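J.:
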Amino acid sequence: MILKSSYFMLRRMFRNYVGMAILMLTPIALITVLGLIADNAVNEESGILMKDEVAVTMMFAFLMFGGFYTMEYIKGDLMSSMKWRMYSLPFHAHTHAYSIILTSALFNVFQSFVIVIYTLIFYNVQWGNLGFVLLALIAVSVVIQLVYVNFVLAMKNYKTAERLGTGFGIACLMLAEVWFPLPNSAPFWFVSTYGNPVSLGQNMIYAIMTGENIEKAIISFVILIALSIALACLAAYYGRRKLV
1 MILKSSYFML RRMFRNYVGM AILMLTPIAL ITVLGLIADN AVNEESGILM
51 KDEVAVTMMF AFLMFGGFYT MEYIKGDLMS SMKWRMYSLP FHAHTHAYSI
101 ILTSALFNVF QSFVIVIYTL IFYNVQWGNL GFVLLALIAV SVVIQLVYVN
151 FVLAMKNYKT AERLGTGFGI ACLMLAEVWF PLPNSAPFWF VSTYGNPVSL
201 GQNMIYAIMT GENIEKAIIS FVILIALSIA LACLAAYYGR RKLV
């Protein structure tokens with residue numbers, strides 16, 4: 001039943017042209033412009049081409065806001081005045097919620113992977129093993145969807161959940177030092193390296209690209225798995241209270 005529901009959810013998401021334009025076409029446009037500016041410059045600290053770093057950063061930056069798919073469909077299907085239509089169907093609301101989370105995660109992975117293929121073909125970004133890149137995208141995407149579903153289930157007001165989602169995405173970019181570096185001290189180093197999904201995803205991708213810092217990538221993957229389990233348990237708790 002989850003797979004059937006997920007199939008129809010996927011069809012709905014592919015008809016969301018505005019969302020696709022924002023989360024897929026916008027980063028592609030930014031990567032195109034910034035890639036031309038970066039040209040073949042190299043980050044001396046990491047040894048990675050600047051255009052490669054731009055591609056990775058932009059991909060994860062927009063992935064941070066992919067959880068709005070989950071929030072919108074959970075709210076529209078299961079928490080709005082029209083929720084009676086879904087509750088009248090012969091399967092539990094929780095089943096549909098699971099299908100929304102699953103489909104949103106996979107849809108965000110698809111959008112991000114399109115960016116990977118685009119930059120690989122047109123900018124020759126050295127992504128390394130695409131299978132491991134896909135694994136990193138799945139791990140980060142699942143965490144993002146679960147964060148957002150907890151926002152929408154925990155908050156009584158949907159506008160508050162939206163603001164939390166926006167704040168979460170912006171905070172992740174700040175902590176990952178996308179716009180400016182954080183102070184050079186142990187707490188800030190930990191937060192900018194392991195304390196947010198953007199950095200965790202970057203750790204994995206950069207390890208795949210360079211073949212270095214494998215331990216950091218493994219630690220990041222384990223943290224993402226642990227976060228997914230914890231957030232899933234929290235979502236189940238809120239879901240039992242809200243989706244009745």
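FYI, in full-length UniProt numbering the residues of the sequence shown are 1 to 244.
Virtual Cβ for every residue (Gly too), placed ideally from N, Cα, C.
A quick note: this is a predicted structure, and the numbers were derived from the prediction, not measured.
1. For the segment 110–117 against the segment 171–191, are there 3 or more C-beta pairs whose distance is under 8 Å?
2. Between residue 169 and the rest of its own chain, which residues show a CB-CB distance below 6 Å, the 5 nearest in sequence each way excluded?
3. I need the straight-line Cα distance from residue 242 to residue 225, nearest angstrom please.
4. Should residue 181 go down as buried or exposed, given a rule of 16 or more other Cβ atoms within 10 Å for buried?
5. Closest to residue 198 by C-alpha separation, out of 16, 59 and 18, would be which residue?
6. Please state whether the Cβ-Cβ distance between residue 235 and residue 149 is less than 8 Å.
7. Report yes or no: do the segment 48–56 and the segment 205–218 share at least 3 C-beta pairs separated by less than 8 Å?
8. Which partner residues of residue 224 appear in the DSSP bridge assignment?
9. How about residue 161 and residue 202: are their beta carbons less than 8 Å apart?
10. Rounded to whole angstroms, what is the Cα-Cα separation between residue 75 and residue 41?
11. From the DSSP output, in three-state form, read off residue 49 for me.
T.: Looking at the atomic coordinates:
1. no
2. To locate residue 169, count along the sequence shown from 1; it is residue 169. Same-chain partners within the cutoff: 64 and 65.
3. Here the question's residue 242 lines up with position 242 in the sequence shown. Here the question's residue 225 lines up with position 225 in the sequence shown. The alpha-carbon atoms of residue 242 and residue 225 are separated by roughly 25 Å.
4. Here residue 181 corresponds to residue number 181 of the sequence shown, with the count starting at 1. Exposed is the call here.
5. Numbered from 1 along the sequence shown, position 198 holds the residue referred to as residue 198. Ranking the options by Cα distance to residue 198, first place goes to 59.
6. For the purposes of this step, residue 235 is identified with residue 235 of the sequence shown, where counting begins at 1. For the purposes of this step, residue 149 is identified with residue 149 of the sequence shown, where counting begins at 1. Yes, these two residues count as a Cβ contact at 8 Å.
7. With a cut-off of 8 Å, the segment 205–218 and the segment 48–56 count as touching, because enough Cβ pairs lie within range.
8. Along the sequence shown, one-based indexing puts residue 224 at 224. Residue 224 is not bridged to any residue.
9. Taking the first residue of the sequence shown as position 1, residue 161 is located at position 161. Taking the first residue of the sequence shown as position 1, residue 202 is located at position 202. No, they are not a contact pair.
10. What you label residue 75 is simply residue 75 of the sequence shown in a count that begins at 1. What you label residue 41 is simply residue 41 of the sequence shown in a count that begins at 1. Here the alpha carbon of residue 75 sits roughly 45 Å from the alpha carbon of residue 41.
11. Reading the sequence shown from its first residue, position 49 is the one you call residue 49. Here residue 49 sits in strand by DSSP.
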